[in-house]
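First up is the structure itself, then whatever we jot down about it.
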Amino acid sequence: MKLFSLIIVSLMLVSCGEPNNHFRRQKAPPDVKINFIDIAKKEVQLRFEYRSYRPRKLEEIACQIIVNDNKEISIDSKPKLQFESFSTEIITFKKVKLNVFEPGQEQIRYLLDCEVDYDTGKEFAVKRSALYLVPGSVNQYR
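What follows is the structure, given as structure tokens:
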């Protein structure tokens, strides 16, 4: 009887598996990337993907964009957005000094380093990617 009880308890423990990592998935950092740049209008659009189950209020986002490994642009905004679970927003920055771009380049490599302030704390997001010239345009990249 003791052996049977020991086997049952062992099987129950094995079937439970690893502890649930559901909480870790709730704390995934935001995914921030440049969605669109218009040099003529001096406009930058960031695609902000909030990846958490907990609702939060975005109070401020401040980013450094390093273009082609040596030229830097700073942007910041206080959009006051309310995020529910797993939402995506496009944040537009206007009147940005985009004098580091040369119109007509086929590709722009960038490193985006953002500090994101919520009502409940602060997170950091880093993204390295590239933008490509919109066909038929000289000043627009996506």
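Under our numbering, the first residue of the sequence shown carries the number 244, and numbering increases by one thereafter. Ideal placement from N, C-alpha and C gives every residue a C-beta, glycine not left out.
*Determine the contact status of Lys-438 and Asn-382, defining contact as a CB-CB distance below 9 Å.*
Here the chain comprises residues numbered 244 to 385, so residue 438 is not present and cannot be evaluated.
*Find the nearest neighbour of Ser-320 within the set Arg-294, Arg-385, Ile-304 and Phe-326, judged by alpha-carbon distance.*
Ile-304
*asked:* What would DSSP say about Phe-266, mapped onto helix, strand or coil?
replied: Summary for Phe-266: the model assigns pLDDT 49, below 50, so the residue's position carries little reliability, and this model does not support an answer.
*asked:* Starting from Gly-364, trace the beta strand (DSSP E) in both directions and tell me its first and last residue.
replied: 364-375
_Among the candidates Arg-290, Gln-288, Ile-282 and Ser-328, whose CA atom is the shortest distance from the CA of Gln-348?_
Ile-282
*Could you give the distance in angstroms between the alpha-carbon of Glu-286 and the alpha-carbon of Leu-355?*
16 Å
*Element boundaries [beta strand (DSSP E), containing Gln-348]*: From DSSP, Gln-348 is part of no beta strand (DSSP E); its letter is neither H nor E.
_Three CB pairs or more closer than 8 Å across the segment 323-336 and the segment 367-383_ = no
*asked:* Can you check which of these residues, Val-310, Glu-358 and Thr-335, is closest to Tyr-375 by C-alpha distance?
replied: Val-310
*Quick one: measure Cβ to Cβ for Phe-291 and Pro-273, integer angstroms, because I've assumed they're closer than 8 Å.*
6 Å
*Taking 9 Å as the CB-CB cut-off, is Asn-382 touching chain C?*
Of the protein chains in this structure there is only one, and it is not chain C.
*Arg-385 to Asn-278, Cα distance in whole Å?*
6 Å
*For Phe-329, which of helix, strand or coil comes out of DSSP?*
coil
*For Ile-282, which of helix, strand or coil comes out of DSSP?*
coil
*Indicate whether Glu-302 and Lys-323 have their beta-carbon atoms separated by less than 9 Å.*
yes
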